Every structure is written in C-alpha cells, then in structure tokens.
Amino acid sequence: MTGRESYFLLVTILVLMTILLIFAMKYCSSARRIRAQTAGDAAYRDLAERTLKAQEELTATLVSIRGSVTQIEGRLASVEKVLKDVG
Numbered sequence: 004m005t006g007r008e009s010y011f012l013l014v015t016i017l018v019l020m021t022i023l024l025i026f027a028m029k030y031c032s033s034a035r036r037i038r039a040q041t042a043g044d045a046a047y048r049d050l051a052e053r054t055l056k057a058q059e060e061l062t063a064t065l066v067s068i069r070g071s072v073t074q075i076e077g078r079l080a081s082v083e084k085v086l087k088d089v090g
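With my numbering applied, the sequence shown corresponds to residues 4 to 90, in that order.
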C-alpha cells in the first residue's frame, strides 16, 4: 500500500467510526430521555394518588363536620324553643 491508500483507508475508518459514534450517542440520549420521562410519569402518578387520598380524607372530614353542624342546629333550635317558652 502506498501512503495515499493508507491515508484514504484511515480517513474512511475514522468517518465510519464518527458516524457510528453519533448514532450511539443519539441512542443513549433517547434512552436517557425515555427513562427520565418514565420517572417523571411515575412521580406524577404518585402525586395524583396522594392527592386523591387527601381528597377522600377531606371528604370524610367534611361529612363528619356536616353531621356535627346538623346536631348543633337541632340543639340550637331546641334551646330557642325553650327560650321562647320561658320568655
């Protein structure tokens, strides 16, 4: 082989290696992005589940408070009736 042929072969190999390296970097970048997106989706799902649980707890608390208010209203009505009867 002459000098020119060996340089041509070297340049060709370097170009092919560069192309291969670029595709490998794109693949790794895509894989990393998908993993990050999956982790983000999992975090969002976890947040949604915690929010739903908190809403259910708040609903139960509101139902309990509503029952207490109803009892208080009944007691207040009886107290008002007694006061009207006395007054």
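C-beta atoms are modelled at their ideal positions from N, C-alpha and C, and glycine is treated no differently.
Note that the coordinates shown come from a computational prediction; the quantities given were computed from them, not determined experimentally.
When DSSP labels each residue in this structure, what does T41 get in the three-state scheme? Here residue 41 refers to the residue found at position 38 when the sequence shown is read from its first residue. T41 falls in the helix class under three-state DSSP.
I need the DSSP call for T5, collapsed to helix, strand or coil. Mapped onto the sequence shown, residue 5 falls at position 2. The answer is coil: DSSP assigns T5 none of H, G, I, E or B.
Look at the alpha carbon of R3 and the alpha carbon of Q58, and state the distance between them as a whole number of angstroms. Nothing in the structure corresponds to residue 3, since the chain is present only between 4 and 90.
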